[in-house]
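Sequential numbering from 11 applies to the sequence shown in the working numbering. Below: one structure, written as C-alpha cells.
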Amino acid sequence: MRLLSARLIISLIVGVMLVSLCSSGYEVWIGKRSLRRDMQRRAEVLAESLARTVERDIEKGGSQTLRKTVQRFANRENLMGMAVYDPQGHAIAITTDLAAKMGDAPPVVLETLKENHAADAFQRLADQPVHIAVIPLYSPDKFLGALAVVHDASYIRAQSLHVWRETFLSGLAQVILIALITLLIVRWSIEGPIARTAHWMKALRTGRMPSTRIGVPDVELFRPLAREVATFAESLNTARTAAEREARLRVEGQSQWTAERLTADLRTRLGTSRLFVVSNREPYIHMRNGKSIQVSVPSSGLVTALEPVLCACDGTWLAHGSGTADRETVDRHNRLAVPPDDPRYTLRRIWLTKEEEEGYYYGFANEGLWPLCHIAHTRPIFRASDWKQYQSVNRKFADALLEEMKDTEKPVVLVQDYHFALLPRMIKQKRPDARVAIFWHIPWPNPEAFGICPWQRELVDGLLGADLVGFHIQAHCTNFLQTADRVMESRIDWEHFTIQRLGHVTTVQPFPISVNAGDMTSEAEAPYEGRSTLLKNLDVEALFLGVGVDRLDYTKGILERFLAIERFLEKYPRYLGQFTFVQIGAPTRNHLKPYHDLEAEIEAEAGRINWRFQKDKWKPIVLLNRQHSHREIEPYYKSADLCLVTSLHDGIWWRRSLSQLVTTRAGS
C-alpha cells in the first residue's frame, strides 16, 4: 500500500510539474509576443515622427544638420540608435554608438530600399538581440532613401527569464502543497477503506464472515471495484454454501437437485451440443430512465425457473426485446451476454412491430388461448387477423432460431408456453436432427372446451412436431391426448403416453417445476430483523402479516382472496387491528379491457374492505400495485406469517414453489 501511495504521489507530482511547465511556457510565449508587439509599435511611431524632419534635412543637403537630428533622439529608453541610408544603401547619418556595431546596411534596410516599403525584423547585432524598424523616405519628386530605428531587445529575454523563474517557483510550491494534501487524502480516504476491505475479504475467504454481512465496507470512492468485489464475494459465498450443501447431501444420502448437480448433469447430457430456449418474455429488460439505462428482471416464474438451466450450460435464450433501451444494449447480431454482473449465457432479442405484438401476443395468445385454457369464465376472443400475426411471429422466431443453431449439431431446443404452439413443427421440418421439447405453462382444457378454438388442428399439429410435450400435471397430459385423438389422425399409446403422427413420435409427460429455495428456507429459520422497518415503511401497525404475490390476472383469484380476508375478520374479530394482508400485484396486459377492468375492481374492493374495518394506523389490506423485483419481494416473504395462493385454475408448480419459498412462522 505504501508503494502504491508513493507511486501515486510521484505520478501526481510529475503530472503537476508537466502542467506547470506547459502553463509557464505558454505564459512566457504570450508575454514575449506582447513585448515584441509593443517594441514594434514604439519603433514605428518614432520612425514616422522623425521621417518628415529627416526628409527635409536631406532635401536641403545639410548632412551636419541631419547628423544632429539623428543624434538628438538617440537617448530614448532601450533605443540603441538610428541611421539614414541613401538609395544605394550607404549610411548618410548614423548615431555614434550604433556606428561601431553596424557597418554595412542590414538585410531589412536593403529590403526596404529595394521594395520601397516599410519593414522590420528581430535579429542579432554584434551578439546582441535588437529590433530594426525601417521606413522609406521621399521628396515630392524622388526617392531619398530609408530611416532605420534600432532598439535593444535584450530586455525582452530578461523579462521572459524572470517570468520563467517566478512561474517555476510558484509551480514548485504548488507541487509540494498538492503532494502533502494528496498524501493526507490517501492516508485518510483510501488506505483505511482498502485495508478494511482486505480484512473483510480475508474474513470471507476463511469463512468467518456471516452471510448476512455480505456488503462491501467503505469503498464508495471505487464504485466499479466495489461492484466487482461484491459480486466476487457473493460468488464465493454461494460456492461455499453449495459445497457445504453438497457435502451434507452426500452424508445424508439425499438425491436433491442443486445448481452444481444440474450443471454437471446438463454438461453430460448435452455433450458437444447446445441448449436453445425460446420464450416471449426476456429474462432481462433494459429501460431508459432519463439519460440513463436501467436493467431489470421481470417478475416471472418462467424466468425464475429457467435461468439456472441456461447458466448451467452456457446456452442461448431467444425472446422478444420489449424494453425501451433493448436495442441500445445488443451487438450487431442482436445478442448480449447475461446476467449483466456475471455473464453465463447469451440472450438473443427478436424485434416485433406494434401490429405483430398486438395481434400475436395481446390478441390470439392472451385474448384467445389464455382464457380458453384456464376456463376462467372469461369469453375467449379469436380473430382471423390475430391468427395471421400469430403464424407470422412463430415463423419469425423459427427463422431466428434456425440462424442461431446453424453451426450446432443435434441442438436441444426448449420452447416455452402457448405463444409458440406452431414453432416445434417449423423447427422439425428444417432441422430433423434437432431435439425439440415444448413446455405448456398453463392448463390444457378438456377436448370440448378446446374445440372452441377455430384453429385447434393447426395448434395441435404444431405441438406434435416436438419430441416432448410437457405439462404441469397428469390431468393436463390426459386432456391433451384426448384432444389430439379427437382432432388429428394419429395413433395414441395410452400406456406410454405417446402420440405417433406422420412417422414421428411425441412423448407427453407431466413436469411439476419449482425454484431453488434452499437459501431462503435456511434464512427463514432465524428471526428476520427487518420486519419492523417493513411495517413502518408501509405505515401500518400489525402483529400478524400475510402476503400474496401475483400478477393482476383474473385467474389468480385476488378478488376471492380479499373476500376471504373480509370473512376471516368477520368470523374472528379478535384479529381486527392485528392482522394485515399485503397484496403485491404486478400490473399486466392492462391495455386489454378485461385486465383494465379487473385492476380497477381489485383497487375498489381493497378500498371497500379497508373503509369497513380501518382504524387509526391499522388497515386490513395493503395493495402494492406496481412491478417489484425479486430483491424487493424477499423481505415480505421473510416477514410474513403466511402466504396466500388462491389461483382459480393454474399450474400446480406455483403452489409447490411458494410452499418452499415461504416458511410459516410459529404462532401464525
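Ideal placement from N, C-alpha and C gives every residue a C-beta, glycine not left out. Remember, it's a predicted structure, so these values are computed and weren't measured experimentally.
Local Cβ density within 10 Å of residue i, reported as buried at 16 or more and exposed below that
i                 : result
aspartate 130     : buried
tryptophan 380    : buried
serine 657        : buried
leucine 28        : exposed
aspartate 607     : exposed
arginine 24       : This sequence places valine at residue 24; arginine is not what is there. The residue in question, valine 24, is exposed, as its Cβ has fewer than 16 Cβ neighbours within 10 Å.
cysteine 487      : buried
alanine 447       : buried
threonine 106     : exposed
lysine 603        : exposed
valine 26         : buried
proline 116       : buried
methionine 11     : Because methionine 11 sits at a pLDDT of 49, beneath the cut-off of 50, its placement in the model cannot be relied upon, and the following sentence gives the value as read from the coordinates. With fewer than 16 other Cβ atoms within 10 Å, it is exposed.
asparagine 126    : exposed
tryptophan 198    : exposed
glutamate 65      : buried
asparagine 299    : exposed
valine 479        : buried
aspartate 503     : exposed
leucine 312       : buried
valine 55         : exposed
leucine 414       : Looking at the sequence provided, one finds glutamate at residue 414 rather than leucine. Buried is the call here.
proline 36        : Note that residue 36 is tyrosine in the sequence shown, not proline. Classification for tyrosine 36: exposed.
glutamine 439     : exposed
leucine 182       : exposed
threonine 122     : buried
phenylalanine 449 : buried
alanine 552       : buried
glycine 567       : buried
Residues bridged to residue i (per DSSP)
i                 : result
methionine 92     : Val159
glutamine 510     : Arg501, Val515
tyrosine 148      : Phe153
aspartate 130     : Ala143
serine 306        : Ile295
histidine 330     : Ile360
aspartate 352     : DSSP, once it has assigned bridges, lists no residue as partnering aspartate 352.
lysine 625        : Trp628
isoleucine 104    : Ala93
cysteine 653      : Val557
glutamine 138     : Leu135
asparagine 635    : Gly595
arginine 641      : Arginine 641 pairs with nothing; no bridge assigned.
arginine 345      : Arg358
glutamine 426     : Phe449
proline 520       : Phe481
valine 287        : Trp327, Leu424
threonine 418     : Partner(s): none; threonine 418 has no beta bridge.
phenylalanine 590 : Just to set this straight, residue 590 is threonine in the shown sequence, not phenylalanine. Looking at the DSSP assignment, threonine 590 forms a beta bridge with Leu555.
Presumed contact (8 Å Cβ cut-off) between residue i and residue j, rounded CB distance
i             : j                 : result
lysine 629    : threonine 590     : 7 Å
glutamate 377 : serine 402        : Not really, about 17 Å apart at Cβ, beyond 8 Å.
arginine 46   : isoleucine 145    : In fact, because the Cβ distance is near 18 Å, the residues do not count as touching under 8 Å.
valine 423    : valine 288        : 7 Å
valine 559    : isoleucine 643    : 6 Å
cysteine 383  : tryptophan 465    : That belief does not hold up - the Cβ atoms of cysteine 383 and tryptophan 465 are roughly 14 Å apart, past 8 Å.
threonine 517 : phenylalanine 507 : 7 Å
Test item: CB-CB of residue i and residue j under 8 Å
i              : j              : result
leucine 320    : tyrosine 355   : yes
leucine 633    : arginine 571   : no
isoleucine 523 : alanine 315    : yes
isoleucine 612 : leucine 569    : yes
arginine 359   : glycine 325    : no
lysine 111     : leucine 135    : yes
glycine 41     : valine 173     : yes
asparagine 404 : asparagine 456 : no
isoleucine 509 : valine 557     : no
isoleucine 483 : proline 520    : yes
proline 597    : arginine 636   : yes
leucine 147    : alanine 93     : no
Neighbour flag for residue i against chain B, beta carbons, 8 Å
i          : result
valine 305 : Note that chain B does not occur in the displayed structure, where there is just one protein chain.
The ligand ADP heavy atom lying under 7 Å from the CB of residue i
i             : result
glutamine 169 : The ligand ADP is not among the ligands present in this structure, which contains no ligands whatsoever.
- Can we say the region 130-141 touches the region 157-165, given the rule of at least three CB pairs closer than 8 Å? yes
- Message: With three or more beta-carbon pairs closer than 8 Å as the criterion, would you say the region 486-504 touches the region 445-464?
- Response: yes
- the region 186-196 in contact with the region 94-111 per 3-pair CB rule at 8 Å: no
- Query: With a cut-off of 8 Å, do at least 3 Cβ pairs link the region 419-439 to the region 469-477?
  - Reply: yes
- Task: Determine contact between the region 76-83 and the region 174-182, defined as no fewer than three beta-carbon pairs at a distance below 8 Å.
- Result: no
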